[in-house]
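Going down the list, the protein sequences come from chains B and D. Under this note's numbering, the first sequence has 73 at position 73, and the numbering climbs by one with no breaks. Under this note's numbering, the second sequence has 320 at position 100, and the numbering climbs by one with no breaks. Ideal Cβ placement from N, Cα and C applies to all residues, glycine included. Keep in mind the model is a prediction, meaning the values are calculated, not measured.
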Amino acid sequence: MSHYAFTLAGARLVALGSGALHWPDRRLLCVSDLHLGKSERTARRGGGTLPPYETIDTLARLDRDLALTQATTVVCLGDSFDDTEAAHALDDKTRAWIARLQAGRRWVWIEGNHDPGPVDMGGSHLNALPAPPLTFRHIARTGASGEVSGHYHPKARISAGGRTVTRRAFLLDSDRLILPAYGTYTGGLHSSDAALTGLMRPEALAILTGETPRPIPMPR
Amino acid sequence: MSDAPLPDASSDPLLPQALSGWFAQRGWQMHPHQRDMLARAADPALLLIAPTGGGKTLAGFLPTLAELSDGRHKGLHTLYISPLKALAADIRRNLSTPIEEAGLPIRVEDRTGDTPSSRKKRQRADPPHILLTTPESLALLTSYEDAPRIFAGLQRVVIDEIHALAESKRGDQLFLALSRLQALCPDLRRVGLSATVEDPASVARLLARHPDPCEILTADPGPDPDIRMLQVEAPPPWSGGGAAYAIPEVLAQIRQHRTTLVFHNTRAQAEIFFHNLWLANEEGLPIGIHHGSLDRTQRERVERAMAHGRLRAVVCTGSLDLGIDWGDVDLVIQIGAPKNVKRLVQRIGRANHRYNAPSKALLVPANRFEVVECEAALEAVQDHDLDGEPRGPGPLDVLCQHILIRACAGPFDAGTLYHEVITAGPYAALSRDSFDACLAFCATGGYALRVYDQWQRLQQRPDGDWQLRDPRAAQLIRMNIGTIIDHDLLKVRLKSTHGRPLGEIEEGFAASLSPGDTFLIGGRIVRYEGLRETTVEVTRNAARKPKVATFAGTKFATSTQLSQRILRLLQQESWPNLPAHTAEWLTLQRAVSRLPEPGRLLIETFHHDGREHLVAYGFAGRNAQQTLGLLLTKRMEEMGLAPLGFVATDYATLIWGLEATPDPAPLFDLARLREGLDQWLTTNAVMKRTFRDSAQIAGLIQRNTPQARKTGRQATFSSDILYDTLAKYDPDHLLLRITRTEAMRGLIDFARLEDLAARTAGRIDHVALSRVSPFAAPLFLEMGRIPIDGAGRDRLEEEETRRLMEKAGLSPPS
């Protein structure tokens, strides 16, 4: 299986090549920044009619990761919906799909800046989820430890054989893990951005997503 | 001017009194083609082919001046469209001379993206008699609700440099705008002014309202140009486009002439050459630089200095290919192979604006191969053998934009708009189905999954007309009018200073840089340090040569005709016309390997620097050679040869990888290559780049928004993601069909590969060498290498991550 295993605050975790985080000991799968309903929101605001397939593409990938990990708890780390209206506007098929994924599982929606209020979908809505030794929340807090967060959509570059590629990346140090965005229509912030270099310790790693997730010293 | 006795211009029945008086006062007589234009002023469409300096623009305007001379016309009479903003301003100055001196009651104004908005507003309320503008500004004007009032009374439209517009989407947009104007003003007459082209009839078909006829008038082309290769003492280098070796001779020519234009094919090459020219310019001759990525104020400064005769030379690119009357240019120097004979002839025409005097031009090949190409081009110019590829039907992304622009102006009936559109030359053969598909795309996105009924852009009213759902959308559509795609630019700044930026580079180029790479910008060499938000940070670097060429400017493909001439030239027994160094190089290639032949395909293979290499000399032009590279590497990947990348030039493709190819012949079965083409097409980078441009033109992606970019970079995501999503869930979507068509005839140029297949018909000469051949050596120095994402690349990436972790003292977990 394509994964990268590491520990954070004593918890043994696995980064998947898809950008999801697996915590096998708790049978927990965590994904961040799904931004479901992005194309609907863009059109609503007059920004053009983007291909309306990002929600089914994102859910299809989540479906695969759940089948792969057999997780019984799912934590969506905030910005799961592009905004609360987008959450309400999801069609019946999509709702049924989400309901099917939720069946028999504990499902936690962490609130993000895009989706601060509760949505009318199964699962519990939390500001943050303490799961000692870890805490799951949307935006990282300075001084926290054992923290798993999202929000920044981190990405990192690597040059090999005369070519530079950019990939979505997990950022990891001894205090925290920042997840890459999982949603199909999401961009990224380079790990060298001040917002991220200020947050991560100097010895932080960037775990590049892709066929095979690979760690590199976090590019600054 | 000829010395023949002047006929009495004042008696010319075609000219009003005031104008013939003005001609007489100046001692001028009308050129025959100017008189013809006046005589045929009532024609619905008229195309004039005339060399530069032949009084072409005045010929276009004479009927307008004549018709306006009695002061009775109210409102707009003539629209003048030029591809360059600067040209519009220049023509305004030139027209004011006869108007003022002949005392004509005519108001002339220009309107471009640079015109202040207060003046634009006034022009809409009270249009001048003659409005000088660009295709984009015209499209914008037609988008206003009051367009019928603005254009009321319009009689004539004059399209300058129509040959340049006819080759691009800007022309397609213009001809669509004309169909709109013609609907508003049914009596509108059209005039096109063109430089020498290989197929005037095709330009005439674009100009006229389909199916109107269009008369073609041809002015005396003047004497043949005086054109030759610049004699240079030092031999040219094996590769590259800098032509630094010719600096002393170029400087000597500049010294001997009043004003010299030094043309380059790319901005990067112009930058490098200017840098080197300046270093060698000990006597401080006033020399300027002019190209598209320079700041507007800087370009205008150069243009002004040039017009006042204060510059001895201008190093430039295609930005000076067109129109502006430079007055005293007496020499054109073309650095680098011209790639296309027609463009070369048009460039030569920039020298000497005196009618009936030969233009003087010098060619400077930048490397050894270009010596051969320049020689072939010289022969083609002497034979008047102009090249050109016919353009296909009007692209649908431009039509989508046109429909949105039409919607901004108010509700419309689909059938009426369709019949308007097919009067535009490029769209004459457009089917109603294709039109409806474009309309559906504009309305709902045209997806197989119907989800935008609530938020559609255009909606149908109860009476059947289409209109914008939200009238506020018009602002966004107007902000994004145009077919020239500027890729995202990032500012380049010296690290640790907060001074003026050095310039701008494309985001894609920035993304390809690694810390330590050096490149040239604004005439100096800098070292890439890193990216800070949207600024590229660099430090000064003392290196003599930049490691990476700035990716900018267009890379033209050498035309089919010129490529064939080159192949024929290579077949000669010896090459007395070529400089000795180049003749020796060809002789060596013939001895070590063989020379490519017109009816055969030469393949070389060899091991070099730890990698296996394969070179295919297809002479199919850069784009087709690049496509060949993509197709071949795909086959090689399937065969487990672990290709790592390739580079393509106009005449060859060089592929490198981890495994050798013992028998390359089976690779070149074009029928098999073609089978995999469609599937291959969907995943390659060329398609994604083409998609990005078309998606912007068609209005799927809006680059300019009122709340532009305040949200930061994680809010935007790459158009590649949209492309991948569409390809996966909606493979028959209109935009993917547009992308495929565009790519096939543009960057992919599959037609030329098919020509190659037909020409060589399986006659492959494989030469296995123990080392790099004389022809292959320059390919190693080529820029623009394209990587292959496959097993080979994965092996290297694995090694690199391991190395980085070890270097940082971190051990990967077992």
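Here DSSP, grouped into helix, strand and coil, assigns C76 (chain B) to strand. Within the stretch 937-970 of chain D, the complete alpha helix (DSSP H) segments at least 4 residues long are 939-949, 954-965, listed from N- to C-terminus. Here G556 (chain D) is buried: its Cβ has 16 or more other Cβ atoms, across all protein chains shown, within 10 Å. Contact between L352 (chain D) and I382 (chain D) does not hold, since the beta-carbon distance rounds to 15 Å and is not under 8 Å. In summary, the residues of the stretch 91-121 of chain B whose CB is separated from some CB of chain D by less than 8 Å are D91, in the order they occur in the chain. Counting only Cβ-Cβ distances below 7 Å, E54 (chain B) has contacts in chain D at T945, in chain order. Below the 8 Å Cβ cutoff, chain B contributes P52, Y53 as neighbours of L669 (chain D), in chain order. Secondary structure note for F661 (chain D): its alpha helix (DSSP H) is the uninterrupted segment 652-664. DSSP, reduced to helix, strand and coil, places F1000 (chain D) within a helical segment of the structure shown.
DSSP, reduced to helix, strand and coil, places Y672 (chain D) outside both helices and strands of the structure shown, so it counts as coil. Annotated three-state conformation of T925 (chain D) is coil, per DSSP. Put simply, the backbone Cα of R923 (chain D) is about 44 Å away from that of L258 (chain D). Rounded to the nearest whole angstrom, the CA to CA distance from N587 (chain D) to L852 (chain D) is 27 Å.
For S338 (chain D), the enclosing alpha helix (DSSP H) starts and ends at 337-345. Between the C-alpha atoms of L50 (chain B) and F937 (chain D) there is a straight-line separation of about 12 Å. Note on geometry: alpha-carbon atoms of I623 (chain D) and L659 (chain D) lie some 7 Å from one another.
Proximity to Q375 (chain D) across D:P431, D:L285, D:A424 peaks at D:L285, based on C-alpha coordinates. The beta carbons of V601 (chain D) and P456 (chain D) sit no closer together than 8 Å. DSSP, reduced to helix, strand and coil, places G750 (chain D) within a strand of the structure shown. I158 (chain B) has a beta carbon lying within less than 8 Å of a beta carbon in chain D.
Close to R44 (chain B), with beta-carbon spacing below 7 Å, are these residues of chain D in chain order: W675. For Y182 (chain B), no CB of chain D lies under 8 Å from its own CB, so it is not counted at the interface with that chain. Beta-bridge analysis with DSSP links L413 (chain D) to D:L268.
Look at the beta carbons and you see the stretch 781-791 of chain D touching the stretch 589-600 of chain D: at least three pairs across the two are nearer than 8 Å. Bounds of the beta strand (DSSP E) holding K580 (chain D) are 580-584. Our two residues, R448 (chain D) and E599 (chain D), have alpha carbons roughly 10 Å apart in a direct line. Judged by their CB atoms, H297 (chain D) and I350 (chain D) are nearer to each other than the 8 Å cut-off. In this structure, T755 (chain D) keeps its C-beta atom at 8 Å or more from the C-beta atom of R747 (chain D).
For S990 (chain D), the closest Cβ of chain B is not nearer than 8 Å. In this structure, A140 (chain B) lies near I178 (chain B), with their beta-carbon atoms less than 8 Å apart. For I139 (chain B), the three-state secondary structure derived from DSSP is coil. Contact annotation: the stretch 789-802 of chain D does not touch the stretch 957-971 of chain D, with fewer than three C-beta pairs closer than 8 Å.
Around the beta carbon of Q554 (chain D), a 10 Å sphere encloses 16 or more other beta carbons of the protein chains shown; the residue is thus reported as buried. Contact with chain B is found for A693 (chain D), since one of that chain's Cβ atoms lies less than 8 Å from the residue's Cβ. Check the Cα spacing between V75 (chain B) and each of B:A20, B:Y185, B:V14, B:E203: the tightest is with B:A20.
Listed in chain order, the non-local C-beta contacts of R814 (chain D) below 7 Å within the same chain comprise L822, D985, V987, local neighbours out to five positions each way being set aside.
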